[in-house]
Structure formats: structure tokens, C-alpha cells
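Protein chains in written order, with our numbering: chain A, 1139 to 1370; chain B, 87 to 146.
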Amino acid sequence: MAKVSDRDQAEGMRRLFARIAHCYDLGNKVISLGQDRAWRKLALAPAPRDGLVLDIATGTGEMALDLARGGSKVVGVDLSQEMLSRCRAKLSRKRLQPMIDLLQADALALPFADETFDCATVGFAMRNVDSIPACFAELRRVLKAGGRVICLELTTPRGRLVARLHRLYLQKALPFVGRLLGRKEEYIYLANSLVHFPMAGELKRIMEQAGLSQVTYRLLNLGTVAIHTGRK
Amino acid sequence: MKKHLMEILACPLCKGSLDLAVDEEREEEVVTGSLYCQKCDERYPIVDTIPNLLPPELRG
């Protein structure tokens, strides 16, 4: 498990997302072929409508906005100040500031008391944390008893042919999108970050080992996207 | 940062309580200021309404 003091990856992520903050939303739409919003909607269906929700790696606020539109009060945290500035501007345009608080924080050292939130969400970011077990353990700490974790993430599909096509897509399409956006190296990194990310079944076991119960997952988009949920 | 956030905020290191110091405020929102943990003797800045509660080693 990564020590909180050994944080080279987190610092690298903070700098990487600062560089791509300006084109992040567009990049996601192109890479997901416009499906990212529908995936988020499906993932957030079990989120409580009137509870307090923590959205980690909130980025430009796409998950947080969908949660707020559904009636939740949201606290969004991110490593990158640049991402949060983009998010704040977006909230202002959509007049959703009263529903969402933003702060710069680390998912492995959350600045909240134990048992604060009704739900915790993470969208397309779990593969970028220093330690997945430590992140789920920290989310569990800040959840109230019975609170829910929702994790939406890309995953490697199981079938050999689909897996090969998926790998080809990541290796070719993401760098291409990155080049169009003027950030090729950053998008090559994001494509490679999936290679070492656990398969959906393994991620479920990691969540259970972190002390979460009733862990289930659902695969979307030919098994290339996974929604994991668990309870404290 | 809206002041009501103080009800749930804690030091990212020791998870203890934080003291809020306001330098500039606009309509119940803290624009600039800081959050201080007495136990860790660590001060976390609030810049342009967003508190930076990253652990010291990530606050580059």
C-alpha cells in the first residue's frame, strides 16, 4: 500500500491534470464517443437524492453537476487547482454554486471527519490514485454507516477479441485525441494507466478488503466501462 | 468557501478540528483566508474561494 508520504504519482497527476484542464471535457466526449454523460447518469442512479455526497477527483465537475441536478448537496475535491477553477466557472454559469462546495484535497488524505457523507463518488479517476485500497479505505472512513461508494471507471474487457480491439483503441485513439488537443503525451499516459488497473472482479475484491459490503458491479459498453458500488 | 463547510472540515493529517481566519469575505463566502490546525501547526490557505487542504508534501 502506498504511504501517504510517498506521493510522486499524486504530484505527477496534479501537474498532468493542470495541463489538460482546458480541454478535459472535450477530450472525454471524444474518447467516449459522446457516451460519458449516459454512463454517469447510470452510475449515479443509486445516489441519495437529498443527502450529502463527496465527489473525489471532481475535475471539471461533471459528476458533481449531475448529482446537484438530482438534488444532492455535493462536496467536490480535486488535486488540481486548475481543474477546480474550471469547475467553479462552470457552476457559476449553471447557477449551481449553492449546491456544490469545492476544495483542493487528496483522495488518500481527505480533510473531513469520520462518518460525514451519505455517499462518495469517483468518476474515471480511480486508476490514477497512488493506492486503490488506501483510497477505498479513506472513502469508507468518511462515509456514514450504510453510506454508499459509487465508482465509475474504464476497465479491460474479458473477451480476447474485444480486449484486443479495446487495447488498439486506447493505443491509437487516445494519443490521436491528445494530439488534436495539443496534449499527446498526457493522453498516452492516461491510456497506459488502464493497463495496470485491476479487472472488474479484482476491483470488487479490493473494495471488499477495504471493508465495504454488498459490493456489486455492472459492465457497460461491451465490458469496457464498469460501475462498482458498495456500502459501509 | 462557504462558512458552513467548517461543520465537516478536518485537518487532512490528524483529522482534528481547524480554525478559520478570514481575510476577505463576499456574501457569506470566504474569498481569501486560511484554515489552521493547532495540533499539527499547519496552515492551509484559502485562495480565490477554494481552500487548499492538500497535505504539505503535495502543496507545490
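Heads up, the beta-carbon is just placed ideally off N, CA and C, and yes, glycines get one too.
Quiz item: In its own chain, which residues sit with a C-beta less than 7 Å from the C-beta of C126 of chain B, not counting the 5 before and 5 after it?
Solution: C97, L99 and C100
Exercise. Inspect the beta-carbon positions of V1260 of chain A and L1350 of chain A and report whether they are closer than 8 Å.
Key: no
Quiz item: According to DSSP, what are the bridge partners of R1369 of chain A?
Solution: DSSP, once it has assigned bridges, lists A:R1286 and A:S1351 as partnering R1369 of chain A.
Quiz prompt | Min CB distance P142 of chain B to chain A below 8 Å | solution = no
Quiz item: CA-CA distance, R129 of chain B and H1334 of chain A?
Solution: When rounded, the distance between both Cα atoms is 36 Å.
Exercise. Going by DSSP, name the residue or residues bridged to Y122 of chain B.
Key: B:D105 and B:R129
Exercise. Tell me whether the beta-carbon of D1216 of chain A lies closer than 8 Å to the beta-carbon of A1195 of chain A.
Key: yes
Quiz item: According to DSSP, is Q1242 of chain A helix, strand or coil?
Solution: Taken through DSSP and simplified to helix, strand or coil, Q1242 of chain A comes out as strand.
Self-check item: Proximal residues to A1148 of chain A (C-beta, below 7 Å), its chain only, five neighbours per side dropped
Solution: L1217, D1244 and D1268
Quiz item: F1250 of chain A touches chain B at which residues, Cβ-Cβ below 7 Å?
Solution: Against F1250 of chain A, the close residues of chain B are I94, L95 and A96, in the order they occur along the chain (beta-carbon pairs closer than 7 Å).
Quiz item: Are the C-beta of K88 of chain B and some C-beta of chain A separated by less than 8 Å?
Solution: yes
Exercise. Say whether chain B places a C-beta atom closer than 8 Å to the C-beta of A1140 of chain A.
Key: With a pLDDT of only 46 at A1140 of chain A, under the threshold of 50, the placement of this residue in the model should not be trusted; the figure read from the coordinates follows. A1140 of chain A does not count as touching chain B.
Self-check item: Nearest-angstrom Cα separation, counted from Q1219 of chain A out to E230 of chain B
Solution: Residue 230 of chain B lies beyond the residue range present for chain B, which begins at 87 and ends at 146; the question has no answer from this structure.
Quiz item: If we count the other Cβ atoms within 10 Å of its Cβ and call it buried at 16 or more, is Q124 of chain B buried or exposed?
Solution: exposed
Self-check item: Neighbouring residues, chain B, relative to L1222 of chain A (Cβ below 8 Å)
Solution: I136
Quiz item: Can you find a heavy atom of the ligand GTP that lies under 7 Å from the Cβ of R1302 of chain A?
Solution: By its list of ligands, the structure shown contains no ligand whatsoever, and the ligand GTP lies outside what it can speak to.
Quiz item: Is there at least one Cβ from chain B nearer than 8 Å to T1259 of chain A's Cβ?
Solution: no
Self-check item: Cross-chain neighbours of T1254 of chain A in chain B, by beta carbon under 7 Å
Solution: By Cβ distance, chain B contributes I94.
Self-check item: chain A contact for K125 of chain B (CB, 8 Å cutoff)
Solution: no
Exercise. Tell me where the alpha helix (DSSP H) around G1316 of chain A begins and ends.
Key: R1298 to L1318
Quiz item: What's the gap between the Cα of I136 of chain B and the Cα of I1238 of chain A?
Solution: 12 Å
Exercise. Kindly indicate which three-state DSSP category C100 of chain B falls into: helix, strand or coil?
Key: coil
Quiz item: Buried or exposed: where does S1143 of chain A fall if 16 or more other Cβ atoms within 10 Å of its Cβ makes it buried?
Solution: Since pLDDT at S1143 of chain A reaches only 46, below the 50 mark, its modelled position is unreliable, and no value is offered.
Quiz prompt | Distance between beta carbons of V1191 of chain A and C1257 of chain A, contact taken as under 8 Å | solution = 5 Å
Exercise. Quickly, what does DSSP pair E115 of chain B with across the bridge? List them, please.
Key: B:K88 and B:R112
Quiz item: Name the chain A residues whose beta carbon is nearer than 8 Å to that of L91 of chain B?
Solution: Contact annotation for L91 of chain B against chain A: V1213, D1239 and L1241 [CB-CB distance below 8 Å, chain order].
Practice problem: May I ask you to verify whether the segment 103-119 of chain B touches the segment 1303-1315 of chain A, counting CB pairs closer than 8 Å and requiring at least 3? | Solution: no
Quiz prompt | Exposure of T1354 of chain A, with buried meaning 16 or more beta-carbon neighbours within 10 Å | solution = exposed
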